[in-house]
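Below is one structure; the comments refer to it alone.
Numbering (my numbering), first residue to last: 217 to 346.
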């Protein structure tokens, strides 16, 4: 196991490393971090092609979280997202989806249940129309 106190005293350790170690320790102590959605989450691309060998459709989706001031987690996400010099924007997420698998899962639900998962399009103010 590494003794960090001796490493920090070493002339070979950069100030950036010490700052990074401090930031990581600070974030590890933040209880809200595990509650935030992961920045990136991908379905298995190879599995999608194997399960649906004819006309497999895999999409990469860049999405924005709709601001919600009534949700306590939103203030945490907003705080982290505005500090762009030290953290990633947690209000912007990327997903990789096997659309064939999504369709297969949705067909298990009746129409009324499917509509519970439908959300209208959200266009963020600071983003160009795609």
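Using N, Cα and C, we set each Cβ at its ideal position, and we do this for glycine too.
Cβ pair residue i, residue j closer than 8 Å
i	j	result
residue 316	residue 275	no
For residue i, the residue or residues it bridges with in DSSP
i	result
residue 308	280
residue 314	274
residue 265	Paired residue(s): none; residue 265 is not in a bridge.
residue 257	311
Spatially closest choice to residue i from the options, by CA coordinates
i	options	result
residue 278	310, 255, 314	310
residue 307	313, 270, 295	295
residue 273	323, 331, 327, 319	319
residue 255	321, 293, 336, 271	293
residue 269	314, 333, 330	314
residue 330	336, 289, 322	322
residue 262	299, 302, 312, 281	312
Residue i to residue j span [Cα, whole Å]
i	j	result
residue 305	residue 266	34 Å
residue 286	residue 252	16 Å
residue 336	residue 280	13 Å
residue 282	residue 260	26 Å
residue 328	residue 334	10 Å
residue 303	residue 288	19 Å
residue 297	residue 290	10 Å
residue 324	residue 258	22 Å
residue 301	residue 271	42 Å
residue 326	residue 284	29 Å
Exposure of residue i, with buried meaning 16 or more beta-carbon neighbours within 10 Å
i	result
residue 332	exposed
residue 242	Model confidence at residue 242 stands at a pLDDT of 45, short of 50, so the residue's coordinates are unreliable and nothing is read from them.
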